[in-house]
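Colleague: I have a structure I would like to understand better, so I am pasting it below and will then ask my questions one at a time.
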Amino acid sequence: MAKTSKKAKPKPKPRSIPSTNTKTNTKTMTSSSQGLTAGSPDAEDAPHSQSIDVSFTFTSGIGQATAVLFRKGVLINMQSISKSGNVNFSEVQSGDVISVNGICAGKANVVINTPTTPATPEQFNSGLIISGYLIN
Numbered sequence: 001m002a003k004t005s006k007k008a009k010p011k012p013k014p015r016s017i018p019s020t021n022t023k024t025n026t027k028t029m030t031s032s033s034q035g036l037t038a039g040s041p042d043a044e045d046a047p048h049s050q051s052i053d054v055s056f057t058f059t060s061g062i063g064q065a066t067a068v069l070f071r072k073g074v075l076i077n078m079q080s081i082s083k084s085g086n087v088n089f090s091e092v093q094s095g096d097v098i099s100v101n102g103i104c105a106g107k108a109n110v111v112i113n114t115p116t117t118p119a120t121p122e123q124f125n126s127g128l129i130i131s132g133y134l135i136n
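Position 102 of the sequence shown, counting from 1, maps to 102 under full-length UniProt numbering, and the rest follow consecutively.
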């Protein structure tokens, strides 16, 4: 007996079905400018900029941390440290945010040499280092 071969049919493409809904819901989105654009003045041109240090002191063990400087939600500078010492951010302005995160096996002290909210120094016990500071 001879076998008959069947050709595979291509899968039909889905057809769009016209909507019977006569109402159209449209939503207009507006984006608010955060004020930081390519045309914004450089921080170094701002007379109220300052240089600050974020000091990390790891005691009774080892640690590693990263300090991140944000301005109006935009990452400006990020630096990491794996032993006790300072991270320097030049041209920091009031309203900037410094985020600190890392881990330590012993204790860690974080000190920022300018007034912040919350105030420093802040001590972290063994484990995660997670905090954020608003520059006053």
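Ideal Cβ placement from N, Cα and C applies to all residues, glycine included. Predicted, not measured: the structure shown is a model, and the values here were computed from it.
1) Should the segment 117-128 be regarded as contacting the segment 80-99, the criterion being three or more beta carbon pairs within less than 8 Å?
2) Classify residue 174 as buried or exposed, calling it buried when 16 or more other Cβ atoms lie within 10 Å of its own Cβ.
3) Enumerated in chain order, which unbroken segments of the beta strand (DSSP E) with a length of 3 residues or greater are wholly contained in the segment 65-113?
4) For Gly61, which residues does DSSP report across the bridge?
5) Mapping the DSSP letters down to three states, classify Thr120 as helix, strand or coil.
6) Report yes if the C-beta distance between Ser49 and Gln79 is below 7 Å; otherwise report no.
7) Whole angstroms is fine: what's the gap from Gln123's alpha carbon to Ile130's?
8) Smallest Cα separation from Ile112: which of Cys104, Gln64, Ala105 and Asn136?
Modeller: So, from the listed chains and residues:
1) no
2) Since the first residue shown for the chain is 1 and the last is 136, residue 174 is missing from the structure and cannot be characterised.
3) 74-81, 85-92, 97-104 and 107-112
4) According to DSSP, which records beta bridges pairwise, Gly61 is partnered with nothing at all.
5) coil
6) no
7) 11 Å
8) Asn136
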